[in-house]
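Scroll down for the structure; my scribbles are underneath it.
6 protein chains.
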Amino acid sequence: MIYITRRERFNAAHRLFRPDYSDEKNMEVFGKCSNPNWHGHNYQLFVTVKGNLNDETGFLINLKTLSKVIREKVIAKVDHKNINLEVDFMKGKLASTENLAIAIWNELEDSVKNLNATLHCVKVTESENNYVEYFGDK
Amino acid sequence: MIYITRRERFNAAHRLFRPDYSDEKNMEVFGKCSNPNWHGHNYQLFVTVKGNLNDETGFLINLKTLSKVIREKVIAKVDHKNINLEVDFMKGKLASTENLAIAIWNELEDSVKNLNATLHCVKVTESENNYVEYFGDK
Amino acid sequence: MIYITRRERFNAAHRLFRPDYSDEKNMEVFGKCSNPNWHGHNYQLFVTVKGNLNDETGFLINLKTLSKVIREKVIAKVDHKNINLEVDFMKGKLASTENLAIAIWNELEDSVKNLNATLHCVKVTESENNYVEYFGDK
Amino acid sequence: MIYITRRERFNAAHRLFRPDYSDEKNMEVFGKCSNPNWHGHNYQLFVTVKGNLNDETGFLINLKTLSKVIREKVIAKVDHKNINLEVDFMKGKLASTENLAIAIWNELEDSVKNLNATLHCVKVTESENNYVEYFGDK
Amino acid sequence: MIYITRRERFNAAHRLFRPDYSDEKNMEVFGKCSNPNWHGHNYQLFVTVKGNLNDETGFLINLKTLSKVIREKVIAKVDHKNINLEVDFMKGKLASTENLAIAIWNELEDSVKNLNATLHCVKVTESENNYVEYFGDK
Amino acid sequence: MIYITRRERFNAAHRLFRPDYSDEKNMEVFGKCSNPNWHGHNYQLFVTVKGNLNDETGFLINLKTLSKVIREKVIAKVDHKNINLEVDFMKGKLASTENLAIAIWNELEDSVKNLNATLHCVKVTESENNYVEYFGDK
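Structure below.
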């Protein structure tokens, strides 16, 4: 079993808030992250897949293919977008880094399986001080 | 003459566009950066000041004071904000990194003078691949 | 189960030595790290907690609260301090990165439980080439 | 149980290809990485070992000793070398990052055991966007 | 006058040597960098251009255009290549970082002029410890 | 004219204070940096030299030689040391980053001249947020 990780990046706007909360309550729970005019981040996405080496290629997986899948399934939908308003796989969800990591996992899990590998970890860094990791529903 | 640099960070949303352009024209000139629903960045701000050493303190300038000035004059106004809609010193300007660097220079120049130093450079990094530097009007 | 990590930083002096060793023996075992006049580091502390998402907030844990806990329980005690002489939770221990990571775990474990999460990992980086991880007593 | 990681670096040339493939087939499978005139990388190697603290030293392992072992067993053989042509432990293997990580594991496993610790992970980063991790044959 | 910098990256093999030196002399002058079987690096290229703001766009220069020029004129020729054997603008030159920076300047100077800006600096980093800057022939 | 930069690192303890100040006054002026029990940093030192290319070697200067000079003249004296107590070139000076940069310049200037190059800049980073640059007495 070997693990390989690909980093991709995206820039997006978002806002943490609940529509059923008052502005005051949103500010109390989410602080400045609830600014109604949005703010944004340079997100980094680290996708780790695992599996057995293909003896013919010496690869677990062709990283170009993995990168292409991540860019089609995720980056194309979130890069230079508003996560709350424009990202189909985040519809109806709070735009937290936690929910983002889980939703990205769900976007990628089957595609990675089709590449004969297993998705191991989705890591999303929101800033140099914060990151979230999701290893699937277990 | 010695140079000292302080880094501060802020997260903000923005959009590149001209209200007098059509949506098509904005897309043509500014690409995905013109997304009407905004996108955002983790900006890094590097402020370099220069001057002579204070022999008593061994400092050019007290970095805590410089940091406080930058946070009051700049960070408090841009962090977790929408640069196009909410930042007084960017009103009426295109929200490009170039304009941001120049506007931050103008916000800081006099305050640095009051600390007995001279503002030398404002550097704004928008991503790991892009940054702008402004050395004043010369 | 989701994992979230917060980075905090501190600058401290320390020295590796045993009072029951001679100076020669300390130098032999600990090398230049045993310098009696101390040396120091910019330490980075990564605290990873795990648990279930709070569906109402979309958070595992409020990162501002986690950051506040880390700063009160750890950073306030070690930042700009001498680890050997001034840090209560390192009293009587060798000031190695290993012992520091374990002691920080012990400082944080209960407080993280009070936030309805579980401490997963304490990682301390001493330099760009060295770091220690502790996952608790298991 | 505690985990400690040492980073070492090496610069090397390599090429991904199979001698039993035609040039066209190599290009199809390995892309520009199969360039017959080689290309190269600044590799980073992170070696993580685990074990119990030595109460006398406060160490899991003396990092200087671990660094010396990594440099003798691995870095001296790959730094400023051609991985395909000059590295004994890569003879007859495709020069992929995956194979490199596994071969480095095999070079280090016994030496780490002799230091009274257990090799936990060999991580090789090929670029800022790609890395491989190997945790042994399990 | 404002300055903007774009970073691009390339991976390449090279070797420092003079064909008119003996192997011993090459080893004496260039050390392990003269390995006849090549070694390689992840190079980073920082291109800084300067000029006046375009008031209509808020840009000095469109960074996408600058990136495209750098990729066509430089990256396409050096990425995953052997600098000594395959790079037209390095033919007959010692493959040092200094010569590389100067040659890249010459590749880019006119193209930047055509974008209504002035090339200010070409910076090439060979490792995390070494970089070269060239500001043109002055 | 070409510029080349070498990075070296050192870990040291220090304290900002004046012996002619009371403890209260030291705390007022220097804050927690005046802790009598010291604190410390992972310093990074960037030494930039300039000059003309040696056409025979393609170098401005042999970086191994430059590194050796920096390590002998500076790193050997400050690494794992107490800057206030043990560093000859800092005797009687406030241990500020500014004074450190100037003193390192004075240590290196002649040695760089002996290598047929000119010292251009000494940059000392004390943390990821602060650095000082000195370009000599001009």
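Residue numbers (my numbering), protein chains in the order written: chain X, 1 to 138; chain R, 1 to 138; chain A, 1 to 138; chain F, 1 to 138; chain E, 1 to 138; chain S, 1 to 138.
Glycine included, C-beta positions come from ideal geometry on N, C-alpha and C.
Note that the coordinates shown come from a computational prediction; the quantities given were computed from them, not determined experimentally.
Proximity of residue i and residue j at Cβ, strictly below 8 Å
| i | j | result |
| --- | --- | --- |
| A/Arg-15 | A/Asn-35 | yes |
| X/Thr-118 | X/Val-124 | no |
| S/Ile-2 | E/Glu-126 | no |
| R/Lys-81 | X/His-80 | no |
| R/Val-122 | R/Tyr-131 | no |
| X/Gly-51 | X/Asn-114 | no |
| F/Arg-7 | A/Glu-128 | yes |
| A/His-120 | A/Val-29 | no |
| S/Asn-37 | A/Glu-24 | no |
Selected residue, minimal CA-CA separation from residue i, among the options
| i | options | result |
| --- | --- | --- |
| S/Asn-106 | S/Asn-84, S/Lys-32, S/Phe-89 and S/Gly-40 | S/Phe-89 |
| S/Val-74 | S/Glu-28, S/Pro-19, S/Asp-23 and S/Ile-102 | S/Ile-102 |
| F/Lys-77 | E/Asn-11, E/Glu-24 and E/Lys-32 | E/Lys-32 |
| A/Gly-92 | A/Pro-19, A/Ile-104, A/Ala-13 and A/Lys-25 | A/Pro-19 |
| X/Leu-45 | X/Lys-68, X/Ile-104, X/Asn-37 and X/Ala-13 | X/Ile-104 |
| A/Ile-4 | A/Lys-25, A/Val-29 and A/Gly-58 | A/Gly-58 |
| E/Asp-55 | R/Phe-17, R/Arg-6, R/Asn-129 and R/Leu-108 | R/Phe-17 |
| R/Ala-12 | R/Gly-136, R/Leu-94 and R/Asn-84 | R/Asn-84 |
| E/Lys-68 | E/Gly-136, E/Val-47, E/Val-87 and E/Glu-86 | E/Val-47 |
| R/Leu-60 | S/Leu-100, S/Phe-10 and S/Arg-9 | S/Leu-100 |
| F/Ser-96 | X/Ser-22, X/Leu-66, X/Lys-25 and X/Asn-62 | X/Asn-62 |
| E/Asn-26 | E/Gly-136, E/Lys-138 and E/Leu-94 | E/Leu-94 |
| S/Ile-70 | S/Arg-9, S/Asp-137, S/Gly-136 and S/Lys-138 | S/Arg-9 |
| S/Gly-136 | R/Leu-53, R/Lys-138 and R/Tyr-21 | R/Leu-53 |
For residue i, the first and last residue of its enclosing beta strand (DSSP E)
| i | result |
| --- | --- |
| S/Ser-127 | 118-127 |
| X/Val-47 | 39-51 |
Boundaries of the alpha helix (DSSP H) in which residue i is found, first to last residue
| i | result |
| --- | --- |
| A/Thr-5 | Unbroken run through A/Thr-5 is the beta strand (DSSP E), 2-14; no alpha helix (DSSP H). |
| A/Phe-135 | From DSSP, A/Phe-135 is part of no alpha helix (DSSP H); its letter is neither H nor E. |
| R/Glu-143 | No statement about residue 143 of chain R is possible, as the shown extent of chain R runs from 1 to 138 and does not include it. |
Cross-chain neighbours of residue i in chain B, by beta carbon under 7 Å
| i | result |
| --- | --- |
| R/Asn-129 | In the structure shown, chain B does not exist; the protein chains are X, R, A, F, E and S. |
In chain order, what residues of the segment 63-81 of chain E put their CB closer than 8 Å to some CB of chain F?
Asp-79, His-80 and Lys-81
Any C-beta of chain R within less than 7 Å: which residues of the segment 47-59 of chain E qualify?
Cβ proximity to chain R below 7 Å picks out Leu-53, Thr-57, Gly-58 and Phe-59 from the segment 47-59 of chain E.
Residues, ordered as in the chain, of the segment 87-115 of chain S that lie near chain R by beta-carbon distance below 8 Å:
Lys-93, Leu-94, Ala-95, Ser-96, Thr-97, Glu-98, Asn-99, Ala-101 and Ile-102
Proximal residues, the segment 22-51 of chain S versus chain R, C-beta separation under 7 Å:
Val-29 and Gly-31
Report the residue ranges of all alpha helix (DSSP H) runs contained in full by the segment 68-125 of chain S; include only those spanning at least 4 residues, in chain order.
83-86 and 97-114
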